[in-house]
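Numbering (this note's numbering), first residue to last: 127 to 203.
Just so it is clear, CB atoms sit at the ideal spot from N, CA and C, and this is done for glycine as well.
From a predicted model like this one, the values you see are computed outputs, not experimental measurements.
In C-alpha cells:
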C-alpha cells in the first residue's frame with residue numbers, strides 16, 4: 127500500500143499525507159460549521175415558538191375585542 131501511495135505522490139508519499147491532513151482539517155471545519163448551524167437553528171426554533179405563542183395571544187385578544195364590539199352593535203371588518 128505504501129508503494130501505491132509513493133507512486134501516486136510525486137514526493138514519495140508526503141503529498142498524499144499532506145492532502146489527507148488538509149481533508150481532515152476541512153472535515154473538522156465542516157463539523158464545526160454544522161455544529162454552529164444546529165445551534166442557530168435551535169435558537170430560531172425557540173424564537174419561532176415564542177412568536178407563534180404571541181400570535182395566538184394576539185388572535186385571542188383581537189377576537190375578544192371583535193366580540194365585545196359586535197355585542198355593542200359596532201360593525202367590524
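Check: Going by beta carbon distance, what residues of the same chain come within less than 8 Å of residue 179, once the five residues before and after it are set aside?
Finding: Taking the chain shown and counting its residues from 1, one reaches residue 179 at position 53. Contacts found: none.
Checklist line | C-alpha distance - residue 177 paired with residue 168, whole-angstrom precision | finding: Along the chain shown, read from residue 1 onward, the residue named residue 177 stands at position 51. Along the chain shown, read from residue 1 onward, the residue named residue 168 stands at position 42. Rounded to the nearest angstrom, the gap between the Cα atoms of residue 177 and residue 168 is 14 Å.
Margin query: What would DSSP say about residue 182, mapped onto helix, strand or coil?
Written below: Counting from 1 along the chain shown, the entry for residue 182 is found at position 56. Correct three-state label for residue 182: helix.
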